[in-house]
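First up is the structure itself, then whatever we jot down about it.
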Amino acid sequence: MLHTFAIYVDNKPGVLNRVSSLFRRRAFNIESLTVGHTETPGLSRMTVVVDTDEYGARRLEAHLYKLVPVRRVEDITTTPSISRDLALIKVAATGEARTHVMQLVDVYRARIVDVSPESLVIETTGTEDKIDSLLEVLRPYGLVEMVRTGRVSMARGLTVPKKPQPVSQRPTDIGGDASSCSV
């Protein structure tokens, strides 16, 4: 099952490397990773999507709290949330094909952000499925280049964020028998 973590970290050099190395050391493959500034100066938010079970998710959360630059970790997998991806797609389009591509862009509520004599650049946001669907209908026209951001997620409604915990009070107990875990 895909688990989505919102990880609040200090905005300092090397933090991304430390967090992603933790996933690598624990043999978890990161499906998606996005990082950006938050409303709090000096704090960044990482949205990390990982394919793991409930036990693995609890282990990851406990290990993340052990990293000094990590301020807060939220597993928002089961929380009602809004998730989006962003994609920029360059399509080869001239003449009649350009008209067809522009109509498809309208159907998918995407935008054309650049026009050149040989191509169009399309910007779209939405779920992974929506972007995949748009890619499939554009493929016959000739995909030249594409870039995607990965998932960003936010809990719905007004939630009161947990205060960052001092290192001495951060959760380390992952419950159950941990004899098969490596630390």
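The letter at position 111 of the sequence shown is residue 99 when you use the numbering used here, and the numbering goes up by one with no holes. Here a beta-carbon is modelled for each residue, glycine too, at the ideal position from N, C-alpha and C.
{"Check": "What are the complete beta strand (DSSP E) segments, minimum 3 residues, inside the stretch 78 to 131?", "Outcome": "99 to 103, 107 to 114"}
{"Check": "By the 10 Å Cβ neighbour count, where 16 or more other Cβ atoms means buried, how is Glu(-5) classified, buried or exposed?", "Outcome": "A small correction: the amino acid at residue -5 is Ile; Glu does not occupy that position in the sequence shown. With 16 or more other Cβ atoms within 10 Å, it is buried."}
{"Check": "Given a threshold of 16 other Cβ atoms within 10 Å of its Cβ, counted over all protein chains shown, does Asp165 qualify as buried or as exposed?", "Outcome": "Per-residue confidence for Asp165 stands at a pLDDT of 47, beneath the threshold of 50, marking its modelled position as unreliable; no derived number is given."}
{"Check": "Taking three-plus beta-carbon pairs below 8 Å as touching, is the stretch 134 to 143 in contact with the stretch 72 to 81?", "Outcome": "yes"}
{"Check": "By DSSP's criteria, Ile64 is part of a beta bridge. Which residues make up the other side?", "Outcome": "None; Ile64 has no bridge partner."}
{"Check": "Between Pro57 and Arg6, which are expected to be in contact by the criterion C-beta below 8 Å, what is the C-beta distance as a whole number of angstroms?", "Outcome": "6 Å"}
{"Check": "Quick check on Glu133: does DSSP put it in helix, strand or coil?", "Outcome": "strand"}
{"Check": "Which of the three DSSP states, helix, strand or coil, is assigned to Pro154?", "Outcome": "Residue placement at Pro154 is poorly supported in this model, since its pLDDT is 44, which falls under 50; the coordinates still yield a value, given next. Coil, per DSSP."}
{"Check": "Could you tell me the distance, in whole angstroms, from the CA atom of Leu55 to the CA atom of Phe(-7)?", "Outcome": "15 Å"}
{"Check": "Under three-state DSSP, which class holds Val(-3)?", "Outcome": "strand"}
{"Check": "In the structure shown, what three-state DSSP assignment does Val140 receive?", "Outcome": "strand"}
{"Check": "Applying the criterion that 16 or more other CB atoms from any shown protein chain within 10 Å of the CB defines a buried residue, is Lys0 buried or exposed?", "Outcome": "exposed"}
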